[in-house]
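One structure is given below, encoded as structure tokens.
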Amino acid sequence: MGRMLLTSGAHPRPNSLVRAFNSVATIVRYRNDPLFNDISFSGIYSPLKPYDKLRQNYVKHFRFEQIEPEKLLSHGGFGAVWAAKYPSHDNDEKQEEIAVKIHYNYYQEGSEDDDITATDNLDFLHKQRAREVELRPPGPHPNIVPILDDFFDRAPPVKTEGEGGKEASWEGVEKFPDGFGGRPYTLYLLMERFDGSLDDLLNGKWKPTTTFSSSMTSASFLMHQPASHEIGSGSPSEISTSNMEFSSLCLRTEEAIGVAVQMVEAVAHLQRYHIAHRDIKPSNFLVRSRDLPKRVDLLNGETVEAINLRLQVALTDFGCAIRTVDHAIGRDCTTVSHSGNIALWAPEVAVHFSDPQTSDQQCTLPSIYSRADLWAVATIAYQLFGRPNPFLSGELSSTNYAESELPMLPSAAPGVLVWVLHSCLRRNPSARPPARLVADVLHTWCLLANLKRFLSPRLFDKVIPQIPLPMETLVKAAGGDFLNNEETWHTIKLAAEGFSRLHKRLDDPLRRKLRQLLQLTWTADWLLGAAKVTGLRHLFYQRVTLERFAFCLAFVQFAEKAKLLNAFK
Numbered sequence: 001m002g003r004m005l006l007t008s009g010a011h012p013r014p015n016s017l018v019r020a021f022n023s024v025a026t027i028v029r030y031r032n033d034p035l036f037n038d039i040s041f042s043g044i045y046s047p048l049k050p051y052d053k054l055r056q057n058y059v060k061h062f063r064f065e066q067i068e069p070e071k072l073l074s075h076g077g078f079g080a081v082w083a084a085k086y087p088s089h090d091n092d093e094k095q096e097e098i099a100v101k102i103h104y105n106y107y108q109e110g111s112e113d114d115d116i117t118a119t120d121n122l123d124f125l126h127k128q129r130a131r132e133v134e135l136r137p138p139g140p141h142p143n144i145v146p147i148l149d150d151f152f153d154r155a156p157p158v159k160t161e162g163e164g165g166k167e168a169s170w171e172g173v174e175k176f177p178d179g180f181g182g183r184p185y186t187l188y189l190l191m192e193r194f195d196g197s198l199d200d201l202l203n204g205k206w207k208p209t210t211t212f213s214s215s216m217t218s219a220s221f222l223m224h225q226p227a228s229h230e231i232g233s234g235s236p237s238e239i240s241t242s243n244m245e246f247s248s249l250c251l252r253t254e255e256a257i258g259v260a261v262q263m264v265e266a267v268a269h270l271q272r273y274h275i276a277h278r279d280i281k282p283s284n285f286l287v288r289s290r291d292l293p294k295r296v297d298l299l300n301g302e303t304v305e306a307i308n309l310r311l312q313v314a315l316t317d318f319g320c321a322i323r324t325v326d327h328a329i330g331r332d333c334t335t336v337s338h339s340g341n342i343a344l345w346a347p348e349v350a351v352h353f354s355d356p357q358t359s360d361q362q363c364t365l366p367s368i369y370s371r372a373d374l375w376a377v378a379t380i381a382y383q384l385f386g387r388p389n390p391f392l393s394g395e396l397s398s399t400n401y402a403e404s405e406l407p408m409l410p411s412a413a414p415g416v417l418v419w420v421l422h423s424c425l426r427r428n429p430s431a432r433p434p435a436r437l438v439a440d441v442l443h444t445w446c447l448l449a450n451l452k453r454f455l456s457p458r459l460f461d462k463v464i465p466q467i468p469l470p471m472e473t474l475v476k477a478a479g480g481d482f483l484n485n486e487e488t489w490h491t492i493k494l495a496a497e498g499f500s501r502l503h504k505r506l507d508d509p510l511r512r513k514l515r516q517l518l519q520l521t522w523t524a525d526w527l528l529g530a531a532k533v534t535g536l537r538h539l540f541y542q543r544v545t546l547e548r549f550a551f552c553l554a555f556v557q558f559a560e561k562a563k564l565l566n567a568f569k
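Numbering follows the UniProt record's numbering, with no gaps: position 145 of the sequence shown is 145.
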């Protein structure tokens, strides 16, 4: 398989790259040959993570006077964020770039002569710290902005005429007299610095430093079907793969999917630890350009950007977060109030607060938020594909919308995105899939799209196990019409689950082919950066099993076949 991948492109590969590819593939093969039901790659990765290295560059405790502020980045209802620099721990002449979030203190009045150790009026700040710091899931995660450190100190001073010095250089602090007036004792959070927000990207205020060449083909995914299983009236070569529908956007199809899967990965990590963010919106997802892997001169730079995605996306601002599972018996509902983004609250939350019997209390049990974040992320998919978010624009209200009223995505959007909207925007939260399953399906779509870029149609059909889905399966017995959306997705899910179970009972060659396919994609992703720490699919390879991969592979193929059949209404 490695030989097919390396020889299928139009450009010759250097021998050093071929040897590296074959060596890595051999290591993976020998490591996984004995394992038929589990193909997790977690043991391969180095325990040293960039996040840990970054933290080691700082002294144990940050302090206000050691921060060199730069420009004001953003501000919200709870605080403002500045770009800043901080002296490196191992080199005083070197400065690390960070972001500093300073919380407003509306509840403590005083002057600069007051005793800053008096904390009688700091209860609100301690609660904010508990959310921002303690409710972030443990351990580093590539799609969640880490807190490097936190401390309490005086609010930054307002710059006056003729003042100089480092302490007087906080740009724009005078805009927040209610939060910082009198320099009260307040909370500082120091975080990794990103380049901008997803909102900046979607509105054209920020662009990645690396760009795709106009020669890049669209990754609008079209399955290469073997001749014996062709369905529909058109062959893949007869269907346009142009991305003209998105010509006014900075995101191409593969980039939109890559951004979506990173947002879902963040929510999946929160779900794992029973945490709800409650303030999901484009401005709370930060973005930055990825660094190209070393020795990229041996590879095609455009291909590297496409496979690992040039954007890293990470969730920030946990000021409204809560735990969705509370083991306290007899918890009083009035102790949990709603806060966060009202425009993108999920229907179960919106209905709860619109009920006259509960709206006056403005409270709810935390479990109602358990799948609300995934709903909010799904609405942002419209914006990734150049469509207005119907819940932000006011076209729909989460209180009373019908699922049949949801706008359609552009025709170039892949079938799996239709499924994401259909399943994740369900009004019933228990009918929504787990975020981790959504992420795995989107990752699998990306893997097949990447192989389609590398391989010719003949080699693609040879490498990818083709799973037949007869056209009759999606057609009603009476009338010959397609099933409705609900019936179609239910049929596709059952078929994918059937294949996932079937692979256990089939002959060893099919299991081996699935395992080799996953090893092939991991090897290519490792060489191009996507499987490495902070890479786009690092988390996917850590957790994926052969059964899950078989399900996702079947699901993606079925979804794309159904889309080619125009089965979605």
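Cβ atoms here follow ideal geometry from the backbone N, Cα and C, with glycine treated the same way.
When the Cα atoms are used, what is the spatial distance from L494 to C446?
-> C-alpha separation (whole angstroms): 22 angstroms.
C-alpha distance - I467 paired with S500, whole-angstrom precision | 11 angstroms
Quick one: Cα of L397 to Cα of V463, how far?
-> Note that residue 397 corresponds to Ser in the displayed sequence, not to Leu. One C-alpha to the other measures close to 45 angstroms.
Between the beta-carbon of G258 and the beta-carbon of L553, is there less than 9 angstroms?
-> no
Give the DSSP-derived three-state secondary structure of I368 in the structure shown.
-> helix
By Cβ distance below 8 angstroms, which residues in the same chain neighbour Q95 in space, the five residues on each side in sequence not counted?
-> Within the same chain, Cβ atoms closer than 8 angstroms to the Cβ of Q95 are found at E68, K85, Y86, P87, S88, the five residues on either side in sequence being excluded.
Between the C-alpha atoms of K452 and T521, what's the straight-line distance to the nearest angstrom?
-> Each residue's Cα considered, the two are about 12 angstroms apart.
Quick one: what's got a C-beta closer than 7 angstroms to A343's C-beta in the same chain, skipping five residues either side?
-> F391, L392
F152 and L122: beta carbons closer than 9 angstroms?
-> yes
Among all the DSSP beta bridges, which residues are the ones paired with Y86?
-> E96
Taking C-beta to C-beta, are P429 and E348 nearer than 9 angstroms?
-> Taking 9 angstroms as the Cβ cut-off, P429 and E348 qualify as a contacting pair.
Report the residue from L406, L189, R387 whose alpha carbon sits nearest the alpha carbon of V81.
-> L189
Whole angstroms is fine: what's the gap from E255's alpha carbon to S367's?
-> 33 angstroms
Inter-stretch contact at 8 angstroms, needing at least 3 Cβ pairs: the stretch 262 to 271 / the stretch 129 to 145 | Taking 8 angstroms as the limit for Cβ pairs, the verdict is that the stretch 129 to 145 does touch the stretch 262 to 271.
Compute the Euclidean distance between the alpha carbons of A550 and A372, then round it to the nearest angstrom.
-> 28 angstroms
Determine, using beta carbons only, whether T324 and N284 come nearer to each other than 9 angstroms.
-> no
Counting pairs of Cβ atoms below 8 angstroms between the stretch 198 to 205 and the stretch 270 to 285, do you hit three or more?
-> yes
When A381, A155, L564 are compared against residue 575, the one with the closest alpha-carbon | Limits of the chain in this structure are 1 at one end and 569 at the other, which puts residue 575 out of reach.
Whose C-beta lies closer than 7 angstroms to the C-beta of P208 among residues of the same chain, with five residues either side of it excluded?
-> S289, R310, L311
Closest by C-alpha distance to V420, when choosing among R387, G386, V377 = V377
May I ask you to report which of helix, strand or coil DSSP gives T186?
-> strand
Return the first residue and the last residue of the alpha helix (DSSP H) that Q557 is part of.
-> 546 to 564
Closest by C-alpha distance to I307, when choosing among F454, P414, P407, V441 = F454
Relative to the C-alpha of T253, which residue among L517, E497, L384 is closest?
-> L384
Indicate whether L73 and Q128 have their beta-carbon atoms separated by less than 9 angstroms.
-> no
What are the partner residues of A276, as DSSP defines its beta bridges?
-> I322
Beta-carbon spacing of A321, M191 below 9 angstroms = no
In its own chain, which residues sit with a C-beta less than 6 angstroms from the C-beta of K101, not counting the 5 before and 5 after it?
-> Cβ-Cβ distances below 6 angstroms link K101 to G79, V81, L189 in the same chain, with the five nearest sequence neighbours on each side left out; the list follows chain order.
Measuring alpha carbon to alpha carbon, tell me which of I275, E97, V533 ends up nearest V133.
-> Selected option, being the one with the closest Cα: I275.
Straight-line Cα distance separating P157 from Q271 | Spanning the two alpha carbons is a distance of roughly 40 angstroms.
Which one or two residues does DSSP pair with H75 in a beta bridge?
-> A80
Cβ-Cβ distance between A381 and A496 below 9 angstroms | no
DSSP bridge partner residues for R288 (one or two, in chain order) = Q312
Does the distance from the CB of L518 to the CB of L564 come in under 9 angstroms?
-> Not in contact: L518 and L564 (Cβ atoms no closer than 9 angstroms).
Helix, strand or coil for E348, going by three-state DSSP, please let me know.
-> helix
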